[in-house]
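Engineer: Take a look at the following structure, please.
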Amino acid sequence: MKHCFTPLVRLALGTGLLLGAAPAHAQLTATVLTGTPTSLASTNGGPIYRSSASSTYLASQFAYVFDGPELGLAGLRSGDRITDIAWEKTTGGASNRPGTFRILLKNSGLTTYTTDASFGALTLDATEAYNNAGYLVPATIGLISFPLTSPFTYTGQSLEVFTDWNMSATGTGMPATGSFLWVQYLVPDKILGFAALAPFTTNLSPTSNGPSSLNDIRPKTTFTYTRLNGTRARVLLSGGAYPNPTTGPLRLALHPAFAGQVRQATVLDAAGRELRRCELSPAGDINLGALPAGVYLVRVRLGALTELHRVTLE
């Protein structure tokens, strides 16, 4: 059995140990998993609001803030260049007619949203990273990606992401085949939003998007990015963490190229607070049996690569 222990000092894993390491543009992904998954209000938090096929709400705007620690936990570092943003859709609803969808980004010193604010004020000095005047929401269930017009450089602080959707001027008939539901997490004070029948100037609210509650939800977000002067793109793990849920024993299926180089896993609570570090066997085995039942994040790192898995302990 591999043992876990509480952290005393920060450990740097294996810098320079990657096989074939060389200066390059590594293509990586970072999924923000802080908070608690929820099925509640899965339409309400965007990035595009639609509660049903017949909904008359044809425009929505949202603002999301991701603070530096949670982005760092997901793997983003200062200087990384974001090339794509994706949200996870859970229903087969699709657009029947196009709309305009925009994404704006801003490096920021904010860590929370607590008061109403206008979209114009929020996006002052923001960069428009995506603009599609004929966007059709697909029937896809799973990640829906939006390749940015040009890479956006993250500076290591908070990152604000803004979405702007409007299909009110694009024809008649049923706007969509069904609702657009997205994977949401409960995380305090990280969202502002509003939805309406047509373009609006109403302030975005931290508690209500107009028709429904917004309290403490934010959609699961995945960033694709490049890391300059990093390592050649390689996967750290060849599979997920399993079994999941688990009663304690857990295996992280290490890619053969890195077996034996990754010697520890860090266990964090659902809010991203570090709890302990666990010795990792060459096969990637650890045991979480000493922890109480609940949801945990398990992180492993090697050089520039970070993998993070959400694990349910029964």
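Residues -26 to -1, 1 to 288 in mature numbering (1 follows the signal peptide of the UniProt record, and there is no 0) are what the sequence shown lists, from first letter to last. Here a beta-carbon is modelled for each residue, glycine too, at the ideal position from N, C-alpha and C.
1. Candidates VAL274, SER69 and GLU288: which alpha carbon is nearest LEU155's?
2. With LEU228 and TYR270 assumed to form a contact (beta carbons below 8 Å), what rounded beta-carbon distance in angstroms separates them?
3. Please report the residue range of the alpha helix (DSSP H) in which PHE93 lies.
4. Along the alpha helix (DSSP H) that carries PRO48, what are the first and last residues, could you check?
5. For the 8 Å Cβ check, are there 3 or more pairs between the stretch 94 to 111 and the stretch 70 to 81?
6. Looking at the secondary structure, which residues open and close the beta strand (DSSP E) in which residue 290 lies?
7. The beta strand (DSSP E) that contains GLY19, what's its start and end?
8. Taking the alpha-carbon positions, what's the CYS252 to ALA239 distance?
9. Considering SER119, what are the terminal residues of the beta strand (DSSP E) in which it resides?
10. When DSSP labels each residue in this structure, what does ALA264 get in the three-state scheme?
11. Can you look up ASP190 in the DSSP assignment and give me helix, strand or coil?
12. Go ahead and label LEU50 buried or exposed: buried means 16 or more other beta carbons lie within 10 angstroms of its beta carbon, across all protein chains shown.
13. Should MET141 go down as buried or exposed, given a rule of 16 or more other Cβ atoms within 10 Å for buried?
14. Can you name, in chain order, every residue of its own chain whose Cβ lies under 8 Å from the Cβ of THR65, other than the five neighbours on each side?
15. Candidates LEU96, LEU265 and ALA150: which alpha carbon is nearest LEU178's?
16. Taking the alpha-carbon positions, what's the PRO266 to ARG76 distance?
17. Closest to THR196 by C-alpha separation, out of SER119, LEU84, GLY46 and THR12, would be which residue?
18. Cutting at 6 Å between CB atoms, please list the residues of its own chain near ALA86, excluding the five before and the five after it.
19. Where do the N-terminal and C-terminal ends of the beta strand (DSSP E) with PHE136 fall, by residue?
20. Within its chain, find whatever has a CB closer than 8 Å to the CB of THR101; leave out the 5 residues flanking it on each side and keep chain order.
21. Answer with yes or no whether the minimum CB distance from PRO173 to chain C is below 7 Å.
22. For THR10 versus LEU160, is the C-beta spacing smaller than 7 Å?
23. Given that a residue counts as buried once 16 or more other Cβ atoms are within 10 Å of its Cβ, and exposed if not, what is ALA172?
Structural biologist: This is what the structure gives:
1. SER69
2. Contact flag wrong, Cβ pair sits at about 19 Å.
3. 93 to 96
4. The sequence shown places Ala at residue 48, not Pro. Its alpha helix (DSSP H) spans residues 42 to 48.
5. yes
6. The structure shown does not extend to residue 290, since the chain is modelled only from -26 to 288, so the question has no answer here.
7. Per DSSP, GLY19 belongs to no beta strand (DSSP E) and is neither H nor E.
8. 5 Å
9. 116 to 127
10. coil
11. coil
12. buried
13. buried
14. ILE115, GLY152, SER153, PHE154 and LEU155
15. LEU96
16. 43 Å
17. SER119
18. The amino acid at residue 86 is misidentified as Ala; the sequence shows Thr. Here the set comprises ASP163.
19. 132 to 140
20. LEU78, LEU79, LYS80 and PHE126
21. Included in the structure is just one protein chain, with no chain C present.
22. yes
23. exposed
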